[in-house]
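Just so you know, we're using my numbering here: the first sequence kicks off at 1 and counts up by one. Note that beta-carbon positions come from the ideal geometry of N, C-alpha and C, so glycine has one too. Note that this is a predicted model, so its numbers are computed, not measured. Data block below; observations after.
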Amino acid sequence: MTVRTRFAPSPTGYLHIGGARTALFAWAYARRHGGTFILRIEDTDVARSTPAAVQAILDGMQWLGLAHDEGPFYQMQRMPRYKEVIAQMLAAGTAYHCYTSPEDLDAMRQEQMARHEKPRYDGRWRPEAGKALPVPPAGVAPVVRFRNPIDGVVAWDDGVKGRIEIANTELDDFIIARADGTPTYNFCVVVDDWDMKITHVIRGDDHVNNTPRQINVLAALGAQVPEYAHLSMILGDDGTKLSKRHGAVSVMQYDEDGYLPEAVLNYLARLGWSHGDDEVFSMEQFVQWFDLDHITSSAAQFNTEKLNWLNAHYIKSAATVRLAADVARRLARRGVDPEAGPPLEKVIALYQDRAANLNEMADACEPFCVAVHPSAEMIATHLTDAARAALKVLRDKLATCAWEKPAIGAAMKETLAACGMKMPQVAIPLRVALLGQPQSPAIDAVLEVLGRDEVLRRLDRSY
RNA sequence: GUCCCUAUCGUCUAGAGGCCUAGGACAAUACCCUUUCACGGUAUGAACCGGGGUUCGAAUCCCCGUGGGGACGCCA
1 MTVRTRFAPS PTGYLHIGGA RTALFAWAYA RRHGGTFILR IEDTDVARST PAAVQAILDG
61 MQWLGLAHDE GPFYQMQRMP RYKEVIAQML AAGTAYHCYT SPEDLDAMRQ EQMARHEKPR
121 YDGRWRPEAG KALPVPPAGV APVVRFRNPI DGVVAWDDGV KGRIEIANTE LDDFIIARAD
181 GTPTYNFCVV VDDWDMKITH VIRGDDHVNN TPRQINVLAA LGAQVPEYAH LSMILGDDGT
241 KLSKRHGAVS VMQYDEDGYL PEAVLNYLAR LGWSHGDDEV FSMEQFVQWF DLDHITSSAA
301 QFNTEKLNWL NAHYIKSAAT VRLAADVARR LARRGVDPEA GPPLEKVIAL YQDRAANLNE
361 MADACEPFCV AVHPSAEMIA THLTDAARAA LKVLRDKLAT CAWEKPAIGA AMKETLAACG
421 MKMPQVAIPL RVALLGQPQS PAIDAVLEVL GRDEVLRRLD RSY
């Protein structure tokens, strides 16, 4: 049996971080077992589904590098198939028409809640041997309900939660087709998983309660029941349910915020899954190691600080050319010409083990490309008369010395000796004059990269 | 309300009855490195939700509480 997994988002918004992890795990499981990963778009909620959201999901998947082998399949394009199955079930007696109005249903639920009962459809239109059904009201289009077993339990061995058993008395005859004939979610999922020969359903644990219903329908259809693995949810940084106010919930927002996809992937893989003490690993390793046994069954809180650490790690080890290409785009978007300064790769090499994200990297590169204007306050505190005098001495040495770190360092030291100053007393004003800020990587390296002409030009402007 | 899931440092987690004086990572703190700020290095503090069982022995198994989450739609 070849493994077939699927990721089945509904296109009602962007791909958020929880969905991304679900996709990652389903993808990894298929890859691990040489199987097939299928993308299915569950767009039967016509009112809320949008093409833009479909595109956003596709973009997010692509950014993460989670390639699907089949699909995307769109449920809206499978309507004839769903209707066919519904007709079959109606004919077989495993489904029936129900004429109860939404208002009556609502009233029924209210009463049940008032009686401290779980709200369930009471089966008034359910055909039963020897039972007289009400007369269908005229002019009312019925919904189609699934004829759920009355007794017994539905059980399955969940890949992450272990054995789960739910009594059929907890379930009711749920609607599989609306009055307008369109099928509902729980039904479409069943037909799709069946038709697409899904062997492992890996999804969020908000679906645990849907699983027994789906298993029952599968059984009524005579279909094979797949394995299920329910992933617990990801909570926000503050321990509450993930929502818009948590900031970067969309996967593409992480791109925007300067994260590398491999950092996000590594972080997500480690959130709710573990392989001993391993923290940093490639997707190749992840695919090799991934298993359902080491998935955590409780909800996990998102921790941006750890993601930041991973991101910094991946920036340190990334190829400089690649970072340069990305940072060039970011600078251009800010209206900064990335070509205006020294070769970007050289600047990036200076900052590669200091930047936690690509936007910080762009911040660091910017002053190399544009003229800097330190604030009046910065000038007042750092470019004192004594500092200016020292910089003038230094300037003349820099004008003639060899342009490489040792010689530049020597020029600095000579200046210190000539002026009777300590290194920071000169280096800090120099940083302010050159880059507009009192901190930078090693000053000789900065000078070397900035270039003699530009260094002299900036020094001349500042005293 | 009913049903389902869940519970180890602040956070992510290791842990499958003795290997646990509970390990790793992020974060925190201290020190070292240093030409500033970072990076890096070293060290320190920090947890088995509570109560009952089972057992020679429980973080690990069972039960009951409590906390957290989810579901109960002609949404997905």
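Proximal residues to V393 (C-beta, below 7 Å), its chain only, five neighbours per side dropped: T415, A418 and C419
Local conformation of V225 per DSSP, three classes: coil
Buried or exposed: which applies to T296, given that a residue is buried once 16 or more other Cβ atoms fall within 10 Å of its Cβ? T296 is exposed by the Cβ-count criterion.
Count the C-beta pairs between the segment 223-232 and the segment 200-212 that are closer than 8 Å, then say yes if the count reaches three, no if not. In this structure the segment 223-232 touches the segment 200-212; the number of beta carbon pairs closer than 8 Å is three or more.
Which of the three DSSP states is assigned to E117 in this structure? coil
Determine, using beta carbons only, whether R81 and V217 come nearer to each other than 9 Å. no
Are the segment 378-393 and the segment 333-348 touching, with three or more C-beta to C-beta distances below 8 Å? no
I'd like to confirm the pairing. Which residues does DSSP put opposite E70 in its beta bridges? I38
Let's test the definition: count the other Cβ atoms within 10 Å of the Cβ of P343 and tell me whether it reaches 16, buried, or not, exposed. exposed
Is the beta carbon of A56 closer than 9 Å to that of Y14? yes
When you compare the CB positions of V85 and F187, do they come within less than 9 Å of one another, or not? yes
Which residue's Cα is closest to the Cα of A364: W309, A386, P438 and A402? P438
Taking Cβ to Cβ, would you say W63 is nearer than 9 Å to M252? yes
Collapsed DSSP secondary structure at G60 in the structure displayed: In the structure shown, the three-state DSSP call for G60 is helix.
How far does the alpha helix (DSSP H) with G409 in it reach, from first residue to last? K405 to C419
T50 versus F73 - alpha carbon distance: 15 Å
Starting from R31 and walking both ways along the beta strand (DSSP E), at which residues does that stretch end? Careful: R31 lies outside any beta strand (DSSP E), inside the alpha helix (DSSP H) at I17 to R32.
CA-CA distance, I215 and A95? 15 Å
DSSP on I176, reduced to helix/strand/coil? Collapsing the DSSP output to three states places I176 in a strand.
My assumption, with CB atoms under 8 Å, is that A433 sits in contact with L398. Please give the rounded CB distance. Rounded, the Cβ-Cβ distance is 12 Å, inconsistent with contact.
How long is the line joining the alpha carbons of A91 and D238, rounded to whole angstroms? Straight-line Cα distance between these residues: approximately 52 Å.
Close-in-space but distant-in-sequence residues of the same chain around F464 (CB under 6 Å, 5 per side omitted): Absent from the structure is residue 464, since the part of the chain shown begins at 1 and ends at 463.
I need the boundaries of the alpha helix (DSSP H) containing A269, first residue and last residue. P261 to R270
Note down the Cα distance separating A356 from L24, rounded to an integer number of angstroms. 24 Å
Buried or exposed, going by whether 16 or more other CB atoms sit within 10 Å of the CB of I175? buried
Does the beta-carbon of G373 have 16 or more other beta-carbons within 10 angstroms, so that it is buried, or is it exposed? Per the sequence shown, the amino acid found at residue 373 is His instead of Gly. With fewer than 16 Cβ atoms within 10 Å of its Cβ, H373 is classed as exposed.
Provide the residue span of the alpha helix (DSSP H) that contains D43, from first to last. Run containing D43: none; DSSP gives neither H nor E here.
Can you tell me where the beta strand (DSSP E) with F7 in it begins and where it stops? Residues R4 to F7.
Do M89 and T44 have their C-beta atoms closer together than 9 Å? no
Close beta carbons around D193, own chain, < 7 Å, minus the five adjacent residues each side: Closer than 7 Å at the Cβ level, and outside the excluded window around D193, lie V201 and P226.
Taking C-beta to C-beta, are N266 and S282 nearer than 9 Å? Taking the C-beta atoms as reference points, S282 is found nearer than 9 Å to N266.
Beta-carbon separation (whole angstroms), V327 vs M361, contact threshold 8 Å: 5 Å
Rounded C-alpha distance that separates G34 from T199: C-alpha separation (whole angstroms): 13 Å.
In terms of alpha-carbon separation, which member of F368, V370 and A319 lies closest to D353? Each of F368, V370 and A319 was checked against the Cα of D353, and the nearest Cα belongs to A319.
Hey, how far is the Cα of D59 from the Cα of L66? Taking the straight line joining both Cα atoms gives about 10 Å.
When the Cα atoms are used, what is the spatial distance from L358 to A387? So the alpha carbons of these two residues sit roughly 33 Å apart.
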